[in-house]
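Please read the structure below before turning to the comments.
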Amino acid sequence: MTRTRNTFLVIMITLALSGWPPVFGQAETGPDSAELDTLAQLYDAVAFDHAAHVEMVEGNCARCHHHTTGVAPTNPKCLRCHPGGQEADSMACKDCHSEKRFESAYLAEIAANTDRFHTDIPGLKGAYHRNCLGCHQESGGPTGCADCHARNEKGDAFFSSGKYAPKSPQKTSGH
Amino acid sequence: MKKLNRRFFLKGGMAGTALLADTGLAKKASAADTFGGYPDSMGVLVDFTKCVGCRSCEAACNKEQGLPAPDKPFDYMSVFDERHKGQKRRTTEKAYTVVNRYNIKDREQGPVFRKFQCNHCNEPACLTSCFVNAYTKTKEGAVIYDPTVCVGCRTCMIACPFYVPAYSYSNPINPVIKKCIMCYDTRLKFGRPPACVEACPQEVMTFGKRKDLIKLGHNRIQKNPEKYIDHLYGEKEVGGTAWMYMSDVPFEELGFNTHLGEQPIISYVKEFLTIVPMVLTIWPALFTGFYLLANRKEAFKNEKPSGNE
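Chains D and Y supply the protein sequences, listed in that same order. Going by numbering that gives the first Met the number 0, the first residue of the first sequence is number 0, and it counts up by one from there. Going by numbering that gives the first Met the number 0, the first residue of the second sequence is number 0, and it counts up by one from there.
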């Protein structure tokens, strides 16, 4: 966690130097909790304790809202081009991370927009898991698939599990 | 030719074989002189550094392809400990994709999980070797096959450098080849990604035009040189494959054959074909080609695996 601390320092210094006042106003710490259900299909919605996580990261919103709150990014690789962390129009992950990342319409849109610098953007599902699960793996948060979202019946069928589990395990065919 | 089935094939005897071999094989072989993969074909870039081994891709494949129920649920993780004749799991007629776990010494993040399925070669050896023309490389990049044409000779199993095609024994009279078709019928054809790609929570796989993915992959490596091995497996191997891989541990440690070379398998066969394009000499030539290939595969097998399994 020393790296986080260092980058946090960097952020504070950057902020001090730029004389940037953190006028968060109402959105100072964001919502207390959020129900993440945009993708819900095999799993129920995720009850996300926003406030608890804000506390965990000691107010470093950029750990998740990477440089979209006006705070400098934590990733040093991004700092090079986004030193101040310009405020983005939106805070919601889904506004930049597509739900249909690999559909032909989205692929065509990326290909058509040649002004776009970032073309290797994960979709919404990838952004959530790499961010949430990634940190949980590093910092001891829950990592089981059912820890963040309970699997529903459709999910059980998908995984051939629960009441959809194979009845009698057949012998694997000769190979 | 579409109607050809095993029985007809047997009745046709040698004459039929010769005719098919001549028209089918020779044409394919000479066309390969200029063929380097369709320009706008699609592909998948697999980034092993992101895989958490949840097997969602296996479950998605099973449902999408309407495969028989698995022996064990897809959330059953002890399959990673399974060994079949000492080998990790491979694709079968019931599972067109499998994920295997590789324990890598001193890797901070723990084991690496490797997804395995047909690589959809630009110049597929299965296609070249098939003398009833059951295989097609579509312009979208998928290597598909027509099971009604397949006579069950298994030549493609021998030809495949990645040991992908499996056999369905459920119909003993007419066993046919079974393998991943990149969800061609249900998705790829309509411009949609394969089911496994879409199911992955970590987005381990990136779907797009193959030529874009090559750029994207190298870009990712360039931005994180301390993380990735500087190699996109499948960019050049055996003439290029639609599925490509990036990793933070050497590919040999994940069971990849890194001795296949950059020549498509077809070239080894082709040399003989162009010299003596006569029907009866094709078979010995083919098998000489396979022999060379088998040797390369064997050489790889005999190497001691470096990582502890």
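Backbone N, C-alpha and C fix where the C-beta goes; we use that ideal spot for every residue, glycine too. Quick caveat, the model's predicted, so the values are computed rather than measured.
{"Query": "So with Cβ pairs under 8 Å, would you call residue 49 of chain D a contact of chain Y?", "Result": "no"}
{"Query": "How is residue 280 of chain Y classed by DSSP in three states: helix, strand or coil?", "Result": "Because residue 280 of chain Y sits at a pLDDT of 48, beneath the cut-off of 50, its placement in the model cannot be relied upon, and the point is left open."}
{"Query": "Determine the burial state of residue 154 of chain D: buried for a count of at least 16 other Cβ atoms within 10 Å of its Cβ, exposed for fewer.", "Result": "buried"}
{"Query": "Say whether chain Y places a C-beta atom closer than 8 Å to the C-beta of residue 44 of chain D.", "Result": "no"}
{"Query": "Tell me, which residues are paired with residue 113 of chain Y by DSSP?", "Result": "Y/99"}
{"Query": "In three-state DSSP terms, what is residue 150 of chain D?", "Result": "strand"}
{"Query": "Please identify the residue among Y/100, Y/204, Y/232, Y/156 whose C-alpha is closest to the C-alpha of residue 333 of chain Y.", "Result": "Absent from the structure is residue 333 of chain Y, since the part of chain Y shown begins at 0 and ends at 308."}
{"Query": "Residue 254 of chain Y and residue 153 of chain Y - do their beta-carbons sit closer together than 8 Å?", "Result": "no"}
{"Query": "By how many angstroms is the C-alpha of residue 70 of chain D removed from the C-alpha of residue 13 of chain D?", "Result": "Confidence is the limiting factor: at residue 13 of chain D the pLDDT is only 40, short of 50, which leaves the residue's position unreliable, though a coordinate-based value still follows. Each residue's Cα considered, the two are about 9 Å apart."}
{"Query": "If we cut at 8 Å on Cβ distances, does residue 247 of chain Y have a partner in chain D?", "Result": "no"}
{"Query": "For the segment 190 to 276 of chain Y, list the beta strand (DSSP E) runs that are entirely contained and at least 3 residues long, ordered along the chain.", "Result": "204 to 208, 242 to 245"}
{"Query": "With 16 other CB atoms within 10 Å as the buried threshold, where does residue 166 of chain D fall?", "Result": "exposed"}
{"Query": "Rank D/51, D/157, D/87, D/145 by C-alpha distance to the C-alpha of residue 58 of chain Y and give the top, closest one.", "Result": "D/157"}
{"Query": "Looking only at DSSP bridge pairs, what is residue 42 of chain Y linked to?", "Result": "Y/207"}
{"Query": "Which residues, taken in chain order from the segment 187 to 198 of chain Y, show a beta carbon closer than 7 Å to some beta carbon of chain D?", "Result": "190, 191, 192, 196, 197"}
{"Query": "May I ask you to list the residues that DSSP assigns as paired with residue 47 of chain Y?", "Result": "DSSP lists no partner for residue 47 of chain Y."}
{"Query": "Could you give the DSSP three-state label for residue 94 of chain Y: helix, strand or coil?", "Result": "strand"}
{"Query": "In three-state DSSP terms, what is residue 132 of chain D?", "Result": "helix"}
{"Query": "Show which residues of chain Y have a CB atom less than 7 Å away from the CB atom of residue 108 of chain D.", "Result": "What residue 108 of chain D touches in chain Y: nothing, since even the nearest Cβ is about 12 Å away."}
{"Query": "Would you tell me roughly how many angstroms separate the C-alpha atoms of residue 32 of chain Y and residue 40 of chain Y, rounded to the nearest one?", "Result": "Confidence at residue 32 of chain Y is low in this model, with a pLDDT of 42, below 50, so the placement of that residue should be treated as unreliable; the coordinate-derived value is given next. Spanning the two alpha carbons is a distance of roughly 19 Å."}
{"Query": "What residues of chain D sit near residue 46 of chain Y, judged by a beta carbon separation below 8 Å?", "Result": "Under the 8 Å cutoff, chain D gives no residues; its nearest Cβ is about 10 Å from residue 46 of chain Y."}
{"Query": "Please state the DSSP three-state secondary structure of residue 163 of chain Y.", "Result": "coil"}
{"Query": "Relative to the alpha-carbon of residue 107 of chain D, which residue among Y/98, Y/208, Y/214, Y/166 has its alpha-carbon at the smallest distance?", "Result": "Y/208"}
{"Query": "In terms of residues, what are the limits of the beta strand (DSSP E) holding residue 178 of chain Y?", "Result": "No beta strand (DSSP E) contains residue 178 of chain Y, which DSSP labels as neither H nor E."}
{"Query": "Compare the Cα-Cα distances from residue 37 of chain Y to each of Y/98, Y/137, Y/147, Y/123 and report the closest residue.", "Result": "Y/137"}
{"Query": "What do you reckon, is the C-beta of residue 143 of chain D under 7 Å from a heavy atom of the ligand NAP?", "Result": "Of ligands this structure carries none, so the ligand NAP is not represented either."}
{"Query": "Out of Y/237, Y/240, Y/225, Y/259, which one is the CA nearest neighbour of residue 246 of chain Y?", "Result": "Y/225"}
{"Query": "Taking C-alpha atoms, which residue in Y/128, Y/140, Y/161 lies nearest to residue 149 of chain Y?", "Result": "Y/128"}
{"Query": "Taking C-beta pairs closer than 7 Å, name the residues in chain Y that residue 164 of chain D reaches, listed in chain order.", "Result": "72"}
{"Query": "Return no unless some Cβ of chain Y is closer than 8 Å to the Cβ of residue 138 of chain D.", "Result": "no"}
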